[in-house]
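**Q**
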Amino acid sequence: MKRREFIATGITAAAACAAKSISAQESTATPAASGKKFTLKIAPVLGIFKAHVGKDPIDNLKFMADQGFTAYYHLGLAGMENADAIAKEAERLGLVAGPFSGSGGKWLIDDDAGRETAVTGMKKSVENAKRLNVECILVVPGKLIDGMTMDQMTANIVKNLKYVAEKVDFGDKKIVMEPLNPRNHPGMFLTKIRQSVDICKAVGSPSIKIVNDLYHQQITEGDLIPNIELGWDYIGAYHLGDNPGRKEPLTGEINFRNVFKFIHQKGFRGVLCMEHGLSMPGIEGEKKLIAAYRWCDAIDQPIA
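So the mapping is simple: the numbering used here equals the position in the sequence shown, first residue as 1, plus 31.
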């Protein structure tokens with residue numbers, strides 16, 4: 032048996048096992064065809080399939096494409112030594128890139144020098160995004176500042192983002208701000224979707240968007256689908272991870288198939304990045320991850 036056939040057979044079996052663990056009714060609707068393209072642009076993080084193919088990014092990209100994924104992700108892509116080779120191979124394989132981390136800025140203070148630093152850093156990030164075929168540049172605004180009110184910090188970030196949006200030629204590239212949950216990241220300024228939407232509206236630029244991390248938002252406020260609808264016009268990408276545990280779907284409380292169905296039917300065609308770990312180590316854990324995403328991606332199938 033050839034290596035790819037062996038891997039495909041193993042993942043097909045894992046898909047069946049994963050389906051059975053959900054329920055007998057659900058298992059009958061679970062697609063198990065390894066290699067069939069996913070409906071959504073679900074993006075494994077580079078290195079997550081190291082048990083199958085090692086840590087080499089190029090080998091990981093090839094494996095992702097073999098399994099039917101059409102996107103990939105690494106926050107540190109711009110700083111990787113072989114980033115250009117990764118981007119070239121991803122393009123050859125038809126894999127779209129998820130967001131990478133942009134250059135830092137002091138987004139929450141009103142400071143002329145800080146704004147110029149943010150402009151310089153973002154120009155470099157946009158250059159990297161163009162070179163590496165990445166649409167979204169991720170920004171975390173930072174921690175709450177002692178002695179400053181939320182209104183003051185909000186006014187400052189709006190002013191700073193407006194300035195950057197005016198001074199940087201983004202083209203088709205975008206900043207995506209990420210709200211983080213206060214349990215894992217105490218003291219962060221940006222935590223909620225409504226807050227993020229209000230900032231985007233105040234800035235008023237098509238280059239300023241949100242990355243909606245479903246793990247973070249399930250912890251912070253729940254109501255995932257209503258909040259997706261609330262932020263619809265401003266969400267540029269998604270991060271994925273179940274809660275509790277921040278592992279692959281079907282290990283926690285989030286109904287990812289319903290969420291995927293909602294965002295796909297509403298018209299989202301961007302990238303959804305695996306921002307989580309594995310519930311099991313090794314090859315079996317990686318098979319379980321693929322099987323879980325196969326089940327959640329089957330949005331045309333009933334849940335029960």
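For glycine and all other residues, C-beta sits at the position ideal for the given N, C-alpha and C.
Quantities reported herein were computed from a predicted structural model and do not represent experimental measurements.
In the DSSP assignment, find the unbroken alpha helix (DSSP H) run with leucine 192 in it and report its ends.
**A** 181-198
**Q** Leucine 192 and valine 234: beta carbons closer than 8 angstroms?
**A** yes
**Q** Using only the alpha-carbon positions, how far apart do phenylalanine 100 and threonine 180 sit?
**A** 44 angstroms
**Q** What does the alpha-carbon distance come out to for the pair alanine 109 and cysteine 167?
**A** 12 angstroms
**Q** Check this for me: beta carbons of glutamate 252 and lysine 223, under 8 angstroms apart or not?
**A** yes
**Q** Run the CB neighbour count on lysine 328, radius 10 Å, all protein chains shown included, and call it buried at 16 or more, exposed below.
**A** As written in the sequence, residue 328 is aspartate, which differs from the lysine given in the question. With 16 or more other Cβ atoms within 10 Å, it is buried.
**Q** State the Cα-Cα distance for the pair lysine 319 and methionine 311, rounded to the nearest angstrom.
**A** Cα-Cα distance, rounded: 8 angstroms.
**Q** Which whole-angstrom value is the C-beta distance of alanine 96 and valine 127, which I expect to be below 8 angstroms?
**A** Incorrect: roughly 11 angstroms between the Cβ atoms, too far for contact.
**Q** Which one of Arg214, Lys161 and Leu139 has the shortest CA to CA distance from lysine 174?
**A** Leu139
**Q** Please report the Cβ distance between glycine 267 and lysine 240, rounded to the nearest whole angstrom; I am assuming they are in contact, meaning their Cβ atoms lie under 8 angstroms.
**A** 3 angstroms
**Q** If you run the structure through DSSP and keep just helix, strand and coil, what is lysine 174?
**A** strand
**Q** Mapping DSSP to helix, strand and coil, what is histidine 270?
**A** strand
**Q** Could you pull out every residue in the same chain whose Cβ sits closer than 7 angstroms to the Cβ of serine 134, ignoring the five residues on either side in sequence?
**A** Shown here for serine 134: same chain residues with a beta carbon closer than 7 angstroms to its own, the five before and five after excluded, namely Gly152, Met153, Lys155 and Ser156 in chain order.
**Q** Less than 6 angstroms between C-beta atoms, sequence neighbours within five positions excluded: which residues of the same chain meet that for tyrosine 324?
**A** Ile73
**Q** Could you please give the first and the last residue of the uninterrupted alpha helix (DSSP H) stretch that includes valine 157?
**A** 143-163
**Q** Would the beta-carbon of valine 29 fall within 8 angstroms of that of tyrosine 104?
**A** Residue 29 is absent from the model: the chain starts at 32 and stops at 335.
**Q** In its own chain, which residues sit with a C-beta less than 7 angstroms from the C-beta of methionine 32, not counting the 5 before and 5 after it?
**A** Any reading at methionine 32 needs caution, since the residue's pLDDT is 46, under 50, leaving its predicted position unreliable; the model's value is listed next. Its chain contains no residue whose beta carbon lies nearer than 7 angstroms to that of methionine 32 once the 5 sequence neighbours on both sides are disregarded.
**Q** Which term fits glutamate 122, buried or exposed, when burial requires 16 or more other beta carbons within 10 angstroms of its beta carbon?
**A** exposed
**Q** At least one CB of chain C closer than 8 angstroms to the CB of threonine 70: is that the case?
**A** Absent from the structure is chain C; it holds one protein chain and no more.
**Q** Going by beta carbon distance, what residues of the same chain come within less than 7 angstroms of leucine 71, once the five residues before and after it are set aside?
**A** Phe291, His295, Leu303 and Asp328
**Q** With burial defined as no fewer than 16 other Cβ atoms inside 10 Å of the residue's Cβ, what is the status of lysine 86: buried or exposed?
**A** exposed
**Q** Within 10 angstroms of its Cβ, does glutamate 279 collect 16 or more other Cβ (buried), or is it exposed?
**A** Flag for glutamate 279 reads buried.
**Q** Nearest by alpha-carbon distance to glycine 313: which of Lys93, Val84 and Ala144 is it?
**A** Val84
**Q** Can you tell me whether DSSP reads leucine 309 as helix, strand or coil?
**A** coil
**Q** Would you mind working out which of Asn91, Pro275 and Val195 sits nearest proline 237, comparing C-alpha positions?
**A** Looking at the Cα atoms, Val195 is the closest of the given residues.
**Q** Helix, strand or coil, according to DSSP, for isoleucine 89 in the structure here?
**A** helix
**Q** Are the CB atoms of histidine 270 and proline 210 within a distance shorter than 8 angstroms?
**A** No, the pair does not count as a contact, with Cβ atoms beyond the cut-off.
**Q** According to DSSP, is aspartate 264 helix, strand or coil?
**A** helix
**Q** Measure the CB-CB distance between glycine 283 and asparagine 274 and report whether it falls below 8 angstroms.
**A** yes
**Q** Jot down the residue ranges of each uninterrupted beta strand (DSSP E) in the stretch 192-252, minimum 3 residues, whole runs only, in chain order.
**A** 205-208 and 239-244
**Q** Relative to the C-alpha of proline 30, which residue among Ala186, Leu255 and Ile176 is closest?
**A** In this structure the chain extends from 32 to 335, so residue 30 is not present and cannot be described.
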